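Peer 1: For reference, the structure I am asking about is given below.
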Amino acid sequence: MCTEGLDGIFIEENHEHSISCICELVLSVRRESDVFIWILSKKSTTVDRQVYLQLGVDNVFNRKYFPTEPLLIIRNTFTRQDRLTPAESEETVTRTRKEMMQLNPRNLSIYIPTEDNKMKEISLTKLEYRIIELLHSSPGKTFSYKEIYENLWDEPYNDQHYRVANVVFHIREKLGNQSTYIKTVRSKGYMLTKI
837 MCTEGLDGIF
847 IEENHEHSIS
857 CICELVLSVR
867 RESDVFIWIL
877 SKKSTTVDRQ
887 VYLQLGVDNV
897 FNRKYFPTEP
907 LLIIRNTFTR
917 QDRLTPAESE
927 ETVTRTRKEM
937 MQLNPRNLSI
947 YIPTEDNKMK
957 EISLTKLEYR
967 IIELLHSSPG
977 KTFSYKEIYE
987 NLWDEPYNDQ
997 HYRVANVVFH
1007 IREKLGNQST
1017 YIKTVRSKGY
1027 MLTKI
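Numbered by our numbering, the letters in the sequence shown go through residues 837 to 1031 in order.
Okay, here's the thing in structure tokens:
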């Protein structure tokens, strides 16, 4: 069954379709896709509903409430999905050269490659993310303690480099063995080295 391009599948249970036939169809769809699956049933029992739901069906609707209730539930599902899934035209993840580090402003997180070539998400605090974002704006450029401080706290710098160093320390802890992304430039500040 080709489900490419479909948002969901609505299966009507009737006297021609046995439960086993519908279960086979659901399993077939689930093997190739993650589309929504809804079943419209005239007489489904609690056991039937549980079997369908355990196979991955998103909802089993009773025929007597059709079409009002199912249509409202389906509309709400797609509305919520649209809110949670960013529009394709909207760039939510800023990709850097060579796909090494990715910033995700929506989640205040970064993605870094692991040794097995997968991307690992690291959640950051707002301050941590803002430092990474600043350093990422010009990789290889040293940002002074003063520049970083004033960018983060929006107040004049009074030789408070320890505050910046503390935030960088926490970022490096989260990066673990990837902490070499942030290089300390002695007595000056920090820079993003490899991206």
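Glycine included, C-beta positions come from ideal geometry on N, C-alpha and C.
Predicted, not measured: the structure shown is a model, and the values here were computed from it.
#1: Residue 891 and residue 859: beta carbons closer than 9 angstroms?
#2: In whole angstroms, what is the alpha-carbon distance linking residue 895 and residue 943?
#3: Using a 10 Å radius around the Cβ and a threshold of 16 neighbouring Cβ atoms, would you call residue 814 buried or exposed?
#4: Residues in the same chain with beta-carbon distance under 8 angstroms from residue 897, minus the five sequence neighbours each way, listed in chain order, please.
#5: Rounded to the nearest angstrom, how far is the Cβ of residue 985 from that of residue 1004, given a contact under 8 angstroms?
#6: So who's on the other strand from residue 876, going by DSSP bridges?
#7: Exposed or buried, which one is residue 842 when buried takes at least 16 other CB atoms within 10 Å?
#8: Just the C-alpha distance for residue 1026 and residue 916, rounded to the nearest angstrom, thanks.
#9: With burial defined as no fewer than 16 other Cβ atoms inside 10 Å of the residue's Cβ, what is the status of residue 889: buried or exposed?
#10: Tell me the DSSP secondary structure of residue 960 in three-state form.
#11: Find the nearest neighbour of residue 960 within the set 946, 993, 1019, 901, judged by alpha-carbon distance.
#12: If distances are taken between C-alpha atoms only, which option among 1019, 1009, 987 comes closest to residue 976?
#13: At 3 residues or longer, and completely inside the segment 938 to 988: list those beta strand (DSSP E) runs for me, N to C.
#14: For the beta strand (DSSP E) that contains residue 1019, what are its first and last residues?
#15: Do residue 887 and residue 855 have their CB atoms nearer than 9 angstroms?
#16: Can you grab the Cα-Cα spacing for the pair residue 950 / residue 880, in whole Å?
#17: How far does the beta strand (DSSP E) with residue 1026 in it extend, from its first residue to its last?
#18: Since residue 972 and residue 1011 are thought to touch, with beta carbons under 8 angstroms apart, how far apart are those beta carbons, to the nearest angstrom?
Peer 2: This is what the structure holds:
#1: yes
#2: 30 angstroms
#3: In the structure displayed, the chain extends from 837 to 1031; residue 814 sits before or after that span and is not available.
#4: 874, 875, 876, 877, 905, 906, 909
#5: That pair is no contact at about 12 angstroms.
#6: 848, 897
#7: exposed
#8: 41 angstroms
#9: exposed
#10: coil
#11: 946
#12: 1019
#13: 938 to 940, 945 to 949, 955 to 959
#14: 1018 to 1021
#15: yes
#16: 48 angstroms
#17: 1025 to 1028
#18: That pair is no contact at about 13 angstroms.
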